[in-house]
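*Asks:*
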Amino acid sequence: MADYKNEFGWFAEKPKVEKKIYDRNKVAIGIVVFLVIFTIAFWKNLGKAVPPPKPALETAAIIKLPEKERTCVEDVEFMRQRHMRLLVDWREQVIRDGERYWTNSKGEKYLASLSNTCMECHTNKTQFCDQCHNYVAVVPNCWGCHLTKEEQVAKAEAK
Ligand code: HEC
Ligand code: HEC
Ligand code: HEC
């Protein structure tokens, strides 16, 4: 074990330090305990998926409709995918163009109104709209201004 030389000069040999992991077992246990605690929230949910939402369609207004007319303003697939877009279109045609009526793809005419059309059939906002929206965590801000059917009824009763 001699001193050694490099371009900077002579240096003493580095002291040999024994390679040792202290308390190897305790460290291992510590790591395992840490991992278990850290991931426990995931373990509890193992194999459990959040059930998909079941929006309730059975409102008095919908059940009252003759079976053949028990449809939405467009077909279900369209509504599932595009009701947000449709509502924005309705709002624009009412507010920008003053046109309060809207005709669907089958030629049927509807009043273009969130509270007075959608919510007249879907009177159960909490059981219907909110079911899906909570699932995907969207919170449409419409209800700060537009009344739900539940609110309309409460307001009328308070008069
Ligand atoms: C005339 C009553 C009526 C009106 C008005 C109405 N709906 Fe519907 N809606 C229904 C019915 C009935 C269904 C179920 C249709 C089916 O299963 O064939 C439905 C289905 C839907 C669905 C799909 C639900 C699902 O299970 O996937 C959405 C979303 C929806 N409506 C939103 C709206 C919105 C938004 C409006 C206003 C723009 C509206 N509806 C207006 C009666 C109505
Ligand atoms: C079948 C499930 C379902 C039902 C029932 C449903 N929605 Fe939605 N809604 C969605 C989804 C999913 C989105 C988010 C779409 C996106 O972010 O692209 C959404 C978004 C919206 C938005 C746009 C929100 C935003 O901030 O962008 C509005 C407005 C809306 N829904 C209104 C309604 C109303 C009113 C009803 C009840 C009459 C209703 N929805 C029922 C699934 C549903
Ligand atoms: C700051 C208040 C406010 C908010 C928030 C709001 N609106 Fe409106 N909305 C209005 C007013 C005011 C009118 C005009 C009412 C009229 O002339 O009948 C209107 C009209 C509409 C109309 C046409 C008329 C009717 O009876 O429905 C639609 C459709 C509509 N809004 C959809 C929406 C949707 C969907 C949302 C949420 C994404 C929303 N609005 C959020 C204030 C608001």
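Residue 39 is where the sequence shown starts when you use the working numbering, and the numbers rise one by one after that.
Every residue, glycine too, gets a C-beta built ideally from N, C-alpha and C.
In this text the structure is predicted, and so the values were computed from the model without any measurement.
#1: Where Q169 and R120 are concerned, what is the direct C-alpha to C-alpha distance, given to the nearest angstrom?
#2: Taking the straight line between their C-alpha atoms, what separation do you get for V111 and C180?
#3: For T77, report the span of its alpha helix (DSSP H) as first-last.
#4: For A175 and K57, I'd like the C-alpha separation in whole angstroms.
#5: Could you pull the start and end residues of the beta strand (DSSP E) that W48 belongs to?
#6: Is N142 near ligand 3, judged by its Cβ being under 8 Å from some heavy atom?
#7: Going by the DSSP bridge assignment, what does N44 pair with across the sheet?
#8: For M122, count the other beta carbons within 10 Å of its own beta carbon; 16 or more makes it buried, fewer makes it exposed. Which is it?
#9: For Y42, I'd like the list of residues in its chain whose CB is within less than 8 Å of its CB, leaving aside the five on either flank, ordered along the chain.
#10: May I ask which residues mark the beginning and end of the alpha helix (DSSP H) holding W128?
#11: Quick check on L152: does DSSP put it in helix, strand or coil?
#12: Following the continuous beta strand (DSSP E) through T164, name the residue where it begins and the one where it ends.
#13: Considering only residues of the same chain and omitting the five flanking positions on each side of A210, which have a CB-CB separation below 7 Å?
*Replies:* Straight from the coordinates:
#1: The sequence position of residue 169 within the sequence shown is 131, counting from 1. The sequence position of residue 120 within the sequence shown is 82, counting from 1. Q169 and R120: Cα-Cα distance of roughly 17 Å.
#2: Within the sequence shown, residue 111 is the residue found at index 73, counting from 1. Within the sequence shown, residue 180 is the residue found at index 142, counting from 1. Between V111 and C180, the C-alpha separation is close to 19 Å.
#3: On the sequence shown, residue 77 is found 39 positions in, with the first residue counted as 1. Note, T77: alpha helix (DSSP H), 62-82.
#4: Counted from its first residue, the sequence shown places residue 175 at position 137. Counted from its first residue, the sequence shown places residue 57 at position 19. In a straight line, the C-alpha of A175 is about 53 Å away from that of K57.
#5: Position 10 of the sequence shown, counted from the start, is the residue given in the question as residue 48. Per DSSP, W48 belongs to the beta strand (DSSP E) from 47-49.
#6: In the sequence shown, counting from the first residue as 1, residue 142 sits at position 104. Flag unset: Cβ of N142 not near ligand 3.
#7: On the sequence shown, residue 44 is found 6 positions in, with the first residue counted as 1. N44 is bridged to G47.
#8: Here residue 122 refers to the residue found at position 84 when the sequence shown is read from its first residue. M122 is exposed by the Cβ-count criterion.
#9: As a first step, residue 42 is located in the sequence shown; it is residue number 4 there, counting from the start. Here the set comprises W48, F49, E51.
#10: Residue mapping note: residue 128 aligns to position 90 of the sequence shown, counting from 1. That run of the alpha helix (DSSP H) goes 114-133.
#11: Within the sequence shown, residue 152 is the residue found at index 114, counting from 1. L152 falls in the helix class under three-state DSSP.
#12: Residue mapping note: residue 164 aligns to position 126 of the sequence shown, counting from 1. Careful: T164 lies outside any beta strand (DSSP E) and carries neither H nor E.
#13: With the chain covering only 39 through 197, there is no way to say anything about residue 210.
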